[in-house]
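Enquirer: Sequential numbering from 3 applies to the sequence shown in this note's numbering. Cβ atoms here follow ideal geometry from the backbone N, Cα and C, with glycine treated the same way.
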Amino acid sequence: MVEAIFLVCMEHPAYLTSRVQERYLKILRRTAPFVYIKTLTRTAGGRPIVAVQLGCGCTKVLVTGTHHANESITGTLLWELLLAYCEAVRTGGTFGGKDAQALFRNSMLYCVPLVNPDGADLVAGEIPETIPEYIQAAELAAQFPGLPFPSGWKANLRGVDLNLNYPASWEEAKKIKAALGFDRPAPRDYPGEKPLDQRETAALAAYTACIRPDILLAWHTQGRVIYPGGPGIDPPGAQELARRFSEASGYAVENVPAEASNAGFKDWFLARFHRPGFTIEAGLGENPLPITQLPQLLEENEPLLAAALSG
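1) What are the boundary residues of the alpha helix (DSSP H) that includes Ala104?
2) Distance, Cα to Cα, Leu105 vs Val65?
3) Work out the CA separation of Leu79 and Asn289 for me, nearest whole Å.
4) With Lys62 as the anchor, note down where its beta strand (DSSP E) starts and where it stops.
5) Can you give me the Cβ contacts of Thr223 inside the same chain, cut-off strictly under 7 Å, excluding the 5 residues immediately before and after it?
6) Tell me whether the beta-carbon of Leu306 lies closer than 9 Å to the beta-carbon of Ala250.
7) Got a sec? Which residues, its chain only, sit under 6 Å from Phe280 by beta carbon, not counting five neighbours each side?
8) Is the beta carbon of Asn165 sitting closer than 9 Å to the one on His14?
9) Taking the CB atoms as reference points, tell me whether Ala102 and Val117 lie closer together than 9 Å.
10) Taking buried to mean at least 16 other C-beta atoms within 10 Å of its own C-beta, is Asn257 buried or exposed?
11) Are the CB atoms of Gly239 and Leu272 nearer to each other than 9 Å?
12) Among the candidates Val63, Pro150 and Pro134, whose CA atom is the shortest distance from the CA of Leu111?
13) Spatial neighbours of Pro169 within its chain, please: C-beta separation below 7 Å, excluding the five flanking residues on both sides.
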């Protein structure tokens, strides 16, 4: 099922960008009228951050991708999974080995595939080198010659690492990153002047507080590993869910290092809601992972998402 949808939607698979997402949205509007699409905000560059909602059940599952610009394959992964799920619901098929219509009846899926469209467009080469956005990014990158440009870019175009911009031990993250030389806007690892001072993170935090998910899955790359909970935080049911997700995907379950458990989206979710939240590090290699890995990522992560939707 996934392969068929993949071939229909993306004849030439591509990293997710704001332009590619518009193509996905057109397909979704045409084929899945039971889906609700919501624009959460627009970035400093004017690009929309879009959430897709579907289902009618009690278990609320929020999934996110592309917090980091050079990990936008996670956004393509989520869009392909979303379209495969919608097709299975429409036709009465299966998704991840489970009855798709039963998943639809018993859960609500909230999906934000492209949290960082400005950065993703930069890394994918969709921002012309002659316009101010690109020039400013290149000038900023020149201050960090050890990081390849633009492939090493993780931040938004204001030089803030969005997955370090949440109010969960943010001061600790700021101290750790400053000691490594990221004490100002940078291609990666700068947590901003204060938590939630970026449009992207403020909008996603507000959306999350509104929907109050039961489960969070935050996709990143790479490592083929699942990080549940955090130091001193173990929500009820999280370990059992981690075991199920591991069995479904083949990914290992590991404890996230304490120094890496600060100011991320999952860290904030755990601290705010005390509900199961997971970082899914998909694939293996160097970011950005080659887009040729996408079929394997789909095979590994479809059953994982189905397991989450089954509660």
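Expert: Based on what the coordinates show:
1) Element bounds for Ala104: Ala102 to Asn108.
2) Spanning the two alpha carbons is a distance of roughly 15 Å.
3) Asn289 and Leu79: Cα-Cα distance of roughly 15 Å.
4) Membership of Lys62 in the beta strand (DSSP E) is indicated by the continuous run Thr61 to Thr66.
5) Taken in chain order, the residues that qualify are Glu73, Ile75, Thr76, Glu283, Ala284, Gly285, Asn289 and Leu291.
6) Leu306 is a Cβ neighbour of Ala250, given a cutoff of 9 Å.
7) Hits under 6 Å: Leu219, Ile228 and Pro230.
8) Contact: no.
9) Cβ atoms of Ala102 and Val117: not closer than 9 Å.
10) That one is exposed.
11) Between Gly239 and Leu272, the C-beta gap is not smaller than 9 Å, which leaves the two residues out of contact.
12) Distances from the alpha-carbon of Leu111 to those of Val63, Pro150 and Pro134 put Val63 closest.
13) Pro197, Leu198 and Trp270, listed in sequence order.
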